[in-house]
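**Student:** Mind having a look at this structure? Questions to follow.
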Amino acid sequence: MNRIGPIFIVEGPNSSKVPFSRSLYIDCEEKVLIDSGAEAKALLELDHEKGIDLIINTHYHPDHTLHNHLFRDATKLINKIEFETSRSVEGIAHANGVYQEWGYKGVEAWKKTLPQEWVQNLGGFSGTYEYETEYVFDDVKVVFLHTPGHTSGLACPYFPELGVVFAGDYDMTTFGPWYNGTDGNIEDFINSGKRLLSLDADTYITGHQKGIFTKAEFTEAMDKFLAVINRRDEIIEDYIQQGLSFEEITKIGIFYPKSSLTNPLLNTWERSGIRKHLRRLGYSVEEKAAEIIKLK
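So in UniProt numbering, spot 22 of the sequence shown is number 22, and the numbers just go up one at a time.
Below, the structure written as structure tokens:
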């Protein structure tokens with residue numbers, strides 16, 4: 001387990017790839033865990049040795065709230081924007097694009113597939129934290145920066161005196177930026193990414209895969225990461241010029257491998273992500289015919 005001063009970096013299985021994520025533990029009197037997507041065994045050992053009394057989630061996605069339910073007595077907080085959304089399955093369905101793509105019947109079908117622990121994790125929040133406000137745990141100062149784009153409420157914890165940022169899902173993976181829920185936003189994602197680079201920080205910790213970056217490494221990686229957005233634009237524009245319909249484009253596999261689009265949720269996110277790029281390129285979808293229309 002890596003450590004930076006009072007911060008323990010707790011890994012998830014398989015380099016913290018989805019459906020897991022990296023967690024941070026602040027070794028302080030308040031016994032604070034930030035996100036619970038790390039390996040369950042490692043978290044339970046940490047709880048046994050140090051204690052976990054407060055869980056702070058950067059956002060509501062299940063890979064970051066994965067093991068909240070293991071700590072029944074811990075107080076669980078989430079950001080103000082996502083507090084109400086995360087308290088109901090219907091709210092999550094709206095935020096994830098399920099309702100947008102498939103309507104009420106699609107939401108009801110999706111609800112039947114959810115693991116009980118996932119629902120339990122979402123219902124377990126007892127309160128919220130403030131953005132852009134300095135919190136002090138013992139002598140560890142942390143600010144939860146509002147960094148929308150991945151979701152509307154995502155927070156990136158910044159430890160100014162340690163020069164450390166928990167960049168979460170600004171994760172520098174080859175997949176590229178993920179903004180495919182209804183509450184994701186491409187321009188916000190770009191602006192938040194640039195904000196992270198502007199911080200007075202030496203160390204960036206991502207929620208998935210590689211994990212720890214120097215500022216120089218993170219800056220170089222961010223350029224490549226955000227460039228994926230423009231490549232997606234170019235690919236989608238090319239298919240439009242070939243005369244493909246929205247439905248045809250959604251079956252190609254621009255975000256996810258074509259073979260994986262039989263998964264209902266991945267298919268939903270593929271469709272939602274393509275809609276966002278169409279809007280960015282100045283198009284809309286005429287729903288009845290599923291035709292792509294150029295906006296004036």
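Ideal placement from N, C-alpha and C gives every residue a C-beta, glycine not left out.
Is there contact between the region 170-186 and the region 222-230, where contact requires at least three CB pairs shorter than 8 Å?
**Tutor:** Touching, yes.
**Student:** Starting from phenylalanine 213, follow the beta strand (DSSP E) in both directions and report where the run begins and ends.
**Tutor:** 212-214
**Student:** Beta strand (DSSP E) containing tyrosine 158: first to last residue?
**Tutor:** 155-159
**Student:** For serine 16, which residues in the same chain have their Cβ closer than 8 Å to its Cβ, ignoring the five residues on either side in sequence?
**Tutor:** Annotation for serine 16: Arg22, Gly37, Ala38, Gly207, His208, Gln209, Gly211 place their beta carbon closer than 8 Å to its own, counting only its chain and skipping 5 residues before and after.
**Student:** Quick one: any contact between the region 184-202 and the region 38-50, if contact means 3 or more CB pairs under 8 Å?
**Tutor:** Not touching, per the Cβ criterion.
**Student:** Where do the ends of the beta strand (DSSP E) carrying asparagine 180 lie?
**Tutor:** Element bounds for asparagine 180: n/a, residue is neither H nor E.
**Student:** Between the alpha carbons of leucine 199 and glutamate 117, how many angstroms are there, rounded?
**Tutor:** 36 Å
**Student:** Whole-angstrom Cβ separation of tyrosine 270 and leucine 261, contact assumed at under 8 Å?
**Tutor:** A small correction: the amino acid at residue 270 is glutamate; tyrosine does not occupy that position in the sequence shown. Indeed they touch by this definition, with Cβ atoms about 6 Å apart.
**Student:** Have a look at serine 259 and glycine 253 and give me their C-alpha separation to the nearest angstrom.
**Tutor:** 8 Å
**Student:** By alpha-carbon positions, which one of Gly91, Leu295, Ile240, Tyr129 ends up nearest to histidine 61?
**Tutor:** Gly91
**Student:** Do threonine 151 and glycine 97 have their CB atoms nearer than 8 Å?
**Tutor:** no
**Student:** Quick check on the burial criterion: 16 or more other C-beta atoms within 10 angstroms. Buried or exposed for serine 86?
**Tutor:** By the 10 Å Cβ count, serine 86 comes out buried.
**Student:** Taking all protein chains shown into account, decide if tyrosine 204 is buried (16 or more other Cβ within 10 angstroms of its Cβ) or exposed.
**Tutor:** Of the residues assessed, tyrosine 204 falls on the buried side of the cut-off, its CB having 16 or more other CB atoms within 10 angstroms.
**Student:** Where alanine 216 and cysteine 156 are concerned, what is the direct C-alpha to C-alpha distance, given to the nearest angstrom?
**Tutor:** Whole-angstrom Cα-Cα distance: 19 Å.
**Student:** Starting from the Cα of arginine 280, find the closest Cα among Glu220, Ile186, Glu248, Ser245 and give me that residue.
**Tutor:** In terms of CA proximity to arginine 280, Ile186 leads the group Glu220, Ile186, Glu248, Ser245.
**Student:** If you compare alpha carbons, which of Lys276, Asn267, His67, Thr147 is closest to glycine 123?
**Tutor:** His67
**Student:** Three-state secondary structure (DSSP) at valine 140?
**Tutor:** strand
**Student:** Would you mind listing the beta strand (DSSP E) stretches within the region 198-270 that are 3+ residues and don't spill past its ends, in chain order?
**Tutor:** 203-206, 212-214
**Student:** Keeping to the same chain, check which residues put their C-beta closer than 7 Å to that of glutamine 120; ignore five residues upstream and five downstream.
**Tutor:** His69
**Student:** If you follow the alpha helix (DSSP H) that glycine 51 is part of, which residue opens it and which one closes it?
**Tutor:** Looking at the DSSP string, glycine 51 is not in any alpha helix (DSSP H), and its letter there is neither H nor E.
**Student:** Considering only C-alpha positions, which residue in the set Pro6, Asp35, His94, Glu286 is nearest to proline 19?
**Tutor:** Asp35
**Student:** Around the Cβ of tyrosine 104, are there at least 16 other Cβ atoms within 10 angstroms (buried) or fewer (exposed)?
**Tutor:** exposed
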